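By numbering that gives the first Met the number 0, the letter at position 73 of the sequence shown is numbered 72, and the numbering carries on one by one without gaps.
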Amino acid sequence: MNATTSLLPDSLLLNGREFRYADIQQYPALAPAELNGYEARVLDFVREWLNGAQEFSLTTSGSTGPPQPVHFRRQQLEASARRTGDYFDLGPGERLLVCLNCEFVGGLMMLVRGLERRMHLTIVEPQANPLALVAPDATFDFAAFVPLQMQALLAAGQAPRLNQLRAILVGGAPVEGSQAHEIEALKVPVYLTYGMTETASHIALRRLNGPQASPTYQVLPGIAVGQDERGCLTVRADVTNDELIVTNDLIRLAPDGHSFEWLGRADFVINSGGVKVAAEKVERVLELGLMELGLNRRAFVAGQPDARLGQQVTAFVEGEPLPEAGQQQLRELLGQRLDRYEVPRQLVFVPEFQTTASGKLDRKATLGELVS
């Protein structure tokens, strides 16, 4: 374990204020009256953890369906924190930036990692550029961001500060083409995570930059993965309480069972005239096409009702409509790189996409607004 000479922490920083662990254990009795709701919920979880609570409840992010409660035993969260801590050699006295929403698994597990590894915790309420909320000279060893935060940080010229970290996790949503190129230029190792609430955060990592960059996810030690009859990923491990989790994620599993390529979600398959089209494959090509046209826009693909085909492949692009010439260029790029049935039959421009509380693109809510 890579311990530093820093003193072991007896407190944490939350939105710029110091809270001693001894006082948090007695929360809310010793809490200041001016706490906002988010701060109160963070301190409440830390109090429960420090006082040895054994049962916890989390809510799924709601990106692929209605949010659902998931119940955990303490040992599952400890196992997840231990696995990440060992992989990245996180040690006592190192500095952890927690800027994901701690009411969901990504942010909450950052808290658990910091507490279990006795790291210095700097917690800030989630926003696009979390480094704007900390001192300009503050340095960190480890952090996790959603892609929207990485985009804002890079746009704000924060690459030099990011390069001071030992490692960065990015998760919660795919990394778009233009952002992937910017991440490739960073010196700090950046990893895209694969996981979900039900697996107590990530169970596999994919390096996005440097010599070890790869299109495949490496499964973390102690995690057993497989496939069901649909070709979808299954997971069993201590983090699932040794229960089998069956996902809707189509994968290409390596023969050794230790790595896989993510292909898309089974429930995002579009049946167009009897041909099954993987929406996420089309999305990746769409994002690349937008980037080549110099457009840094979010986009997604979904099936829309069609009297003849059943569903037609439709592309949704955030922002103002492109000029007709730009739309034609985009259609030509898509036609060159996709099969005939995969090419979107319609481009729909949406002023602003809807997002979930955890910052993920909410396709269902966005589509619902268009038909309401």
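Idealized CB from N, CA, C, for every residue including glycine. For clarity, every value in this text was computed on a predicted model and none was experimentally measured.
Where H70 is concerned, the enclosing beta strand (DSSP E) starts and stops at P68 to R72.
Rounded to the nearest whole angstrom, the CA to CA distance from A151 to R307 is 42 Å.
Closest option to H70, judged by alpha-carbon separation, among T59, V234 and A80: T59. Rounded to whole angstroms, the Cβ separation of V276 and R336 is 14 Å, and the two are not in contact under 8 Å.
Taking 8 Å as the cut-off, the Cβ atoms of L333 and P343 count as close. Per DSSP, R339 is not a residue of any beta strand (DSSP E), being assigned neither H nor E. The Cβ atoms of L346 and G325 lie no closer than 8 Å to each other.
Residue state for H119 is assigned as strand, using DSSP reduced to three classes. Here Y193 is bridged, per DSSP, to A203.
N270 is bridged by DSSP to K275. Two segments are said to touch when three or more pairs of C-beta atoms, one from each, lie closer than 8 Å; by this definition the region 173 to 192 does not touch the region 229 to 241. Annotation for L49: Y20, I23 and Q24 place their beta carbon closer than 7 Å to its own, counting only its chain and skipping 5 residues before and after. The C-beta distance from L57 to L107 rounds to 7 Å, short enough to fall under 8 Å. Taking all protein chains shown into account, A278 has 16 or more neighbouring C-beta atoms within 10 Å of its C-beta and is therefore buried. Every beta strand (DSSP E) stretch that sits fully inside the region 155 to 192 and reaches 3 residues is listed by chain position as 166 to 169. When the beta-carbon positions are compared, L289 and A301 stay at least 8 Å from each other.
Where Y26 is concerned, there is no enclosing beta strand (DSSP E), because DSSP gives it neither an H nor an E. D140 sits buried, since 16 or more C-beta atoms from the chains shown fall within 10 Å of its C-beta. Taking the CA atoms as reference points, L147 sits about 8 Å from G358. Only residues of its own chain outside the window of five on either side were considered, and among them V189, L207 and N208 have a CB closer than 6 Å to the CB of I182, listed in chain order. Cβ neighbours of I269 within its own chain (closer than 6 Å, five residues either side excluded): V276, A278, G302, Q310 and V312. In the DSSP assignment, R251 falls within the unbroken beta strand (DSSP E) covering I244 to L252.
Rounded to the nearest whole angstrom, the C-alpha separation of P68 and F103 is 11 Å.
Considering only R94, G273 and Q74, the residue with the shortest C-alpha distance to S10 is R94.
In this structure, the CA atom of A134 is about 19 Å from the CA atom of R165. The criterion of a C-beta distance shorter than 8 Å is not satisfied by N14 and E47.
Annotation for I222: I202 and A236 place their beta carbon closer than 6 Å to its own, counting only its chain and skipping 5 residues before and after. Distance check between S213 and each of F259, E175 and L168 places F259 closest, using alpha-carbon atoms only. In the assembly as shown, L114 is a buried residue. Its beta-carbon has 16 or more other beta-carbons within 10 Å. In its chain, beyond the 5 residues on either side, Q353, T354 and T355 have a beta carbon closer than 6 Å to the beta carbon of D361. Here DSSP, grouped into helix, strand and coil, assigns T354 to strand. In the three-state reduction of the DSSP assignment, A142 falls in the strand class. Between D248 and W261, the gap from beta carbon to beta carbon is short of 8 Å. Between D85 and the set V316, P66, Q211 and L219, the nearest pair of CA atoms involves L219. In the three-state DSSP reduction, S213 falls in the coil class, being neither helix nor strand. One thing to note: L110 has its Cβ within 8 Å of the Cβ of F44.
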